[in-house]
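What follows is a set of notes on a single structure, which appears directly below.
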Amino acid sequence: MDTIIEYINISGSFVFAVSGALIAMKKRLDPFGVLIVAFITAVGGGTLRDILIDRQVFWLYNNSIIYAVITGATVAMIFKSKMNFFSKPIFFYDALGLGLFSITGVQIGLEADLSSSICILLGTVTGVFGGVLRDVVVNRIPVVFKKEIYATASILGGFLYLFLMKLEVPNPYLQIAPILFIIIIRLTAVFFNISLPSIYKDKLKHG
Amino acid sequence: MDTIIEYINISGSFVFAVSGALIAMKKRLDPFGVLIVAFITAVGGGTLRDILIDRQVFWLYNNSIIYAVITGATVAMIFKSKMNFFSKPIFFYDALGLGLFSITGVQIGLEADLSSSICILLGTVTGVFGGVLRDVVVNRIPVVFKKEIYATASILGGFLYLFLMKLEVPNPYLQIAPILFIIIIRLTAVFFNISLPSIYKDKLKHG
Amino acid sequence: MDTIIEYINISGSFVFAVSGALIAMKKRLDPFGVLIVAFITAVGGGTLRDILIDRQVFWLYNNSIIYAVITGATVAMIFKSKMNFFSKPIFFYDALGLGLFSITGVQIGLEADLSSSICILLGTVTGVFGGVLRDVVVNRIPVVFKKEIYATASILGGFLYLFLMKLEVPNPYLQIAPILFIIIIRLTAVFFNISLPSIYKDKLKHG
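Residue numbers (our numbering), protein chains in the order written: chain A, -18 to 188; chain B, -18 to 188; chain C, -18 to 188.
Below, the structure is given as structure tokens:
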């Protein structure tokens, strides 16, 4: 279990670092600025989760995470010039990170004997808050609040994990299925521009 | 004592969730976005307080808080269409939450044997930071920094609590008096547009 | 060692409180708003560091920090009218705080037996995050992300500290040299408008 979480943490940090670096470069930050935003994006959600449940912060004694972030940010800076449109890779890496991190969050909540609703919440915090912090820090309106399904995908993935666990689905399917589920929901929502039904009756634009 | 804090936490979370949801709807977020902003507003201040003094985060083993937040956000979403002007209920619920949470913060500081000035500070953190985080996250300039008396009300309420405690005023008056005091100061400041004396000599507008 | 860290914490809090208060007054906040922003600027970085490594938050049982912040904010409010241009003192106090806090962060990381790269990171968090939080809270684009060398100075100072430690340079030179190094790098970068080489090939302006 711990090895799987470790592996997910490293690959999730890498993809979120890429996503963070791409957005930081859109804002034309200097190389260290790009690195810091990549770092915040990659570890922000998991760090908040660990602080909330008073668990040792996951990257503190784990240099692999730091190297994954530095690698992700460097790769993004080097291959940036090859990408004409940033939007698509950002959405893809973001969806991947969302799936990977949401499910680790749920698993870590279960290990800490927390209730089901708190586990789903921790999954969402882990998956979503790195991106929220990234957006707050570069003065963007957090993508999670835009109309495309984002936190919703994380919450639904958490429910699926708990449901499959009740059905005693074995590893690694127990992890892989909800991760894929989250990625598919998120990418489908982005590509087909699907959103939750509006709670606003009038037709005004977003404020 | 703990039951009173528990009760205040639940009702404070409910009213701050309503206030957070109303502001999120002004920004026309989707339902889950509204829920997340309601959650941040409701638990943000108390969570920061608990992390600062290394106390177990108050909502982690307490599903009532989560349900209070979900109920508050849902009520705000359902009855939203009945409200023509959002400003007044937002100010009212905000003032109520400020009073309730500021005083719990002071009490929890006292239980942790912290000095008087740190207790007042913890009260202000508990009462004010949910709203600061809410405003940062929806890209609003934090209401606490606007010219109406906000953090000031929390600080004065904290002083009153410590003063009444020295006079050995018994519960529940010890709690209720400073809570009402904070609410009255805050609402008076809003309705009569009172602010602290300006420290700026020239007459320029806010930047 | 602890006395030196204590002394640095107090003087660093004072200078960062001055810097935070000056920026808050540029945004024309009310006196308590100025005080809160001064407080966030002064203790934000060290608080995040302490929370990350699960160490007791440095100002919680230390009223001297609180008094240093109140003094710094008050001094800034009183002498504000004497300063025609805010930019220069802000840069100076900011550089001083950056140097002082970055090195305490590295030292505290070493005391907690963390790896060299995490120690340098903790130094950067301690030195930089108070300013990031200050800027986020007053809706400014964080100065750390602008093109002048800022986090870079903190990181280089951390490397110098570890290098001098390896050479067994004794105290207080071990502390003073990297602190001065950071201040000089930062001020040189500001006054001569030096920045890191751009990673952007086209000549567009900052977004």
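Just so it is clear, CB atoms sit at the ideal spot from N, CA and C, and this is done for glycine as well.
As the structure is a computational prediction, the values presented were derived from the model and not from experiment.
Residue i classed as buried or exposed, judged by whether at least 16 other C-beta atoms fall within 10 angstroms
i, result
"Q37/A", "exposed"
"S176/A", "exposed"
"Y142/A", "buried"
"D116/C", "buried"
"I34/B", "buried"
"I101/C", "buried"
"N174/B", "exposed"
"L10/A", "buried"
"T(-16)/B", "exposed"
"P159/C", "buried"
"F172/C", "exposed"
"G1/C", "buried"
"P151/A", "exposed"
"Y131/B", "buried"
"I136/A", "buried"
"L204/A", "No information on residue 204/A is available, as it lies outside the stretch -18 to 188 that chain A covers here."
"F60/C", "exposed"
"L148/A", "exposed"
"F110/B", "buried"
"F(-3)/A", "buried"
"P153/C", "exposed"
"F144/C", "exposed"
"I157/B", "exposed"
"Y(-12)/C", "exposed"
"V(-1)/A", "buried"
Alpha helix (DSSP H) segment containing residue i, residue limits
i, result
"D116/A", "S97 to V118"
"R167/A", "Y154 to F172"
"V38/C", "Note, V38/C: premise wrong, no alpha helix (DSSP H); not H, not E."
"L145/B", "A132 to K147"
"P12/A", "P12 to L33"
"V56/C", "N44 to F60"
Neighbouring residues, chain B, relative to residue i (Cβ below 7 Å)
i, result
"T133/A", "F13"
"L10/C", "F126"
"I(-9)/C", "Within chain B, no residue comes near I(-9)/C; the closest Cβ sits about 15 Å away, beyond 7 Å."
"I71/C", "Here the premise fails: no neighbours, minimum Cβ distance about 15 Å."
Chain-ordered chain B contacts of residue i [CB-CB under 9 Å]
i, result
"L168/C", "Those within 9 Å of L168/C in chain B number zero; the least Cβ separation is about 26 Å."
"V(-4)/A", "Simply none; closest approach about 22 Å."
"I164/C", "By Cβ distance, chain B contributes nothing, its closest Cβ being about 28 Å from I164/C, past 9 Å."
Chain A residues whose Cβ lies nearer than 9 Å to that of residue i
i, result
"L95/C", "L41 and Y42"
"I89/B", "Per Cβ cutoff of 9 Å: no residues; I89/B is ~16 Å from chain A at best."
"I136/B", "By Cβ distance, chain A contributes nothing, its closest Cβ being about 26 Å from I136/B, past 9 Å."
Amino acids of chain A, ordered along the chain, whose beta-carbon sits closer than 7 Å to that of residue i
i, result
"I175/C", "In chain order: nothing, as chain A lies at least about 11 Å away."
"P123/C", "V118"
"V50/B", "Neighbours of V50/B on chain A: none; closest Cβ ~10 Å, over 7 Å."
"V106/B", "Per Cβ cutoff of 7 Å: no residues; V106/B is ~15 Å from chain A at best."
Where residue i meets chain A, residues with beta-carbon distance less than 8 Å
i, result
"S98/C", "N44 and I47"
Within chain C, the residues that residue i reaches when beta carbons sit closer than 8 Å
i, result
"Y181/B", "M6 and R9"
"V113/B", "V118"
Min CB distance residue i to chain D below 8 Å
i, result
"I34/B", "The structure shown contains no chain D; the protein chains it does contain are A, B and C."
Cross-chain neighbours of residue i in chain C, by beta carbon under 7 Å
i, result
"V171/B", "Ordered by position in chain C, no residue passes the 7 Å Cβ test against V171/B, which lies about 14 Å from the chain."
Under 9 Å by beta carbon: chain C residues contacting residue i
i, result
"V38/A", "I32, L33, I34 and D35"
"M58/A", "I180"
Validate contact between the region 72 to 80 of chain B and the region 158 to 177 of chain B using beta carbons, cut 8 Å, 3 pairs: yes
Does the region 40 to 54 of chain A come within contact of the region 42 to 57 of chain C, defined as at least 3 CB pairs closer than 8 Å? no
How do the region -12 to 5 of chain B and the region 13 to 24 of chain B stand: do at least 3 beta-carbon pairs fall below 8 Å, yes or no? yes
Would you call the region -4 to 16 of chain B and the region 92 to 101 of chain B touching, i.e. three or more CB-CB distances under 8 Å? Remark: fewer than three beta-carbon pairs, one from each stretch, lie closer than 8 Å, so the region -4 to 16 of chain B and the region 92 to 101 of chain B are not flagged as touching.
Meets three-Cβ-pair contact criterion under 8 Å: the region 104 to 121 of chain B and the region 77 to 90 of chain B: yes
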